[in-house]
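Under numbering that gives the first Met the number 0, think of the first position of the sequence shown as 0, with each following residue one higher.
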Amino acid sequence: MRLEVMDDEGRILARGERGEIVLRGGLVMAGYYNNEAATREASTFGWHHTGDIGVIDEDGFVYIVDRKKDMIIYGGFNVFPSEVEQVLWSHPAVQDCAVIGVPDGKWGEAVKAVVELKPGANATADELIHLAKDKLGGVKAPKSVDFIAALPRSPVGKVLKKTLREPYWAGRERKI
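Shown next as structure tokens:
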């Protein structure tokens, strides 16, 4: 089996560059059962697209950065939610968080953080935004922060980002 990192135009990227992890070989699935559309979408340029954004280092180790469907495009810049979440988790008051893309009339999408605070802890939106700006710069920092008692989760404990995004994208032609 062969594994590479590819850009959106189907070009294999150099070591150290971020892109979608793609696979090719005899052990790769043939397709999705009874779902030809999903099979076509996942199999382009002769590769199976995993939906994971990753990087291959100089030694050939693969690092998964984020899910492609969660990536936020802010004014032409790719923002990976996991990178912003890592910074927010470093704040002593943050129990958990999720970073999502919400509609922005000027920039396409804006970065929004949804934060669950530790019991009895306090933090302000400005505090968390400034923390992210200091560590990541203005493009990747959240433009807004919502505080929530508990993040929505699947039965196995995974944060349901689609559930968090839905109210912001409801009634729009473009669905994220």
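All C-beta atoms, glycine included, are put in the ideal place defined by N, C-alpha and C. These figures come from a predicted structure and were not determined experimentally.
Sort out for me which residues DSSP pairs residue i with in a bridge.
{"i": "THR162", "result": "DSSP, once it has assigned bridges, lists no residue as partnering THR162."}
{"i": "ASP145", "result": "VAL113"}
{"i": "THR38", "result": "THR38 is not bridged to any residue."}
{"i": "LEU2", "result": "LEU22"}
{"i": "TYR73", "result": "PHE76 and GLY107"}
Please determine, among the options, the residue with the shortest C-alpha to C-alpha distance to residue i.
{"i": "PHE76", "options": "GLN94, GLY137 and SER143", "result": "GLY137"}
{"i": "SER143", "options": "TYR167, ILE63, ARG23 and SER153", "result": "TYR167"}
{"i": "GLU8", "options": "GLU19, GLY15 and ARG1", "result": "GLU19"}
{"i": "MET0", "options": "ILE11, ARG17 and GLY24", "result": "GLY24"}
{"i": "ILE71", "options": "PRO141, ASP145, PRO151 and ARG14", "result": "PRO141"}
{"i": "GLU82", "options": "LYS105, VAL110 and PRO102", "result": "VAL110"}
{"i": "ILE147", "options": "PRO118, PHE79, GLN85 and ARG171", "result": "PRO118"}
{"i": "PRO151", "options": "GLY107, MET5, VAL98 and ASN34", "result": "VAL98"}
{"i": "LEU2", "options": "VAL78, TRP106 and VAL21", "result": "VAL21"}
When burial is assigned at 16 or more other CB atoms within 10 Å of the CB, is residue i buried or exposed?
{"i": "ALA120", "result": "exposed"}
{"i": "TYR73", "result": "buried"}
{"i": "VAL155", "result": "exposed"}
{"i": "GLY100", "result": "buried"}
{"i": "LYS179", "result": "Absent from the model: residue 179. The displayed extent of the chain is 0 to 175, so no value can be given."}
{"i": "PHE44", "result": "exposed"}
{"i": "ILE52", "result": "buried"}
My output table needs one value for residue i: the three-state DSSP class, helix, strand or coil.
{"i": "VAL86", "result": "helix"}
{"i": "TYR167", "result": "helix"}
{"i": "GLU172", "result": "coil"}
{"i": "ASP125", "result": "helix"}
{"i": "PRO80", "result": "helix"}
{"i": "ALA97", "result": "strand"}
{"i": "ARG66", "result": "strand"}
{"i": "ASP58", "result": "coil"}
{"i": "ASP51", "result": "strand"}
{"i": "ASP103", "result": "strand"}
{"i": "LEU130", "result": "helix"}
{"i": "ILE19", "result": "According to the sequence provided, residue 19 is Glu. The question's Ile does not apply to it. Looking at GLU19 - three-state DSSP - the assignment turns out to be strand."}
{"i": "LEU135", "result": "helix"}
{"i": "ARG152", "result": "strand"}
Cβ of residue i versus every heavy atom of the ligand SAM: is any distance shorter than 8 Å?
{"i": "SER81", "result": "Ligands are entirely absent from the displayed structure, and the ligand SAM is therefore not among its contents."}
Answer with yes or no whether the minimum CB distance from residue i to chain D is below 9 Å.
{"i": "ALA37", "result": "The structure shown contains no chain D; it holds only a single protein chain."}
Review point. Is it a yes or a no for the region 86-96 touching the region 105-125, going by three-plus beta-carbon pairs under 8 Å?
Key: Contact between the region 86-96 and the region 105-125 is present, because at least three Cβ pairs lie under 8 Å.
**Study point:** Sufficient close CB pairs (3 or more, under 8 Å) joining the region 119-133 to the region 155-165
**Key:** no
Check your understanding: Does the count of Cβ pairs from the region 53-61 and the region 32-41 closer than 8 Å reach three?
Key -> no
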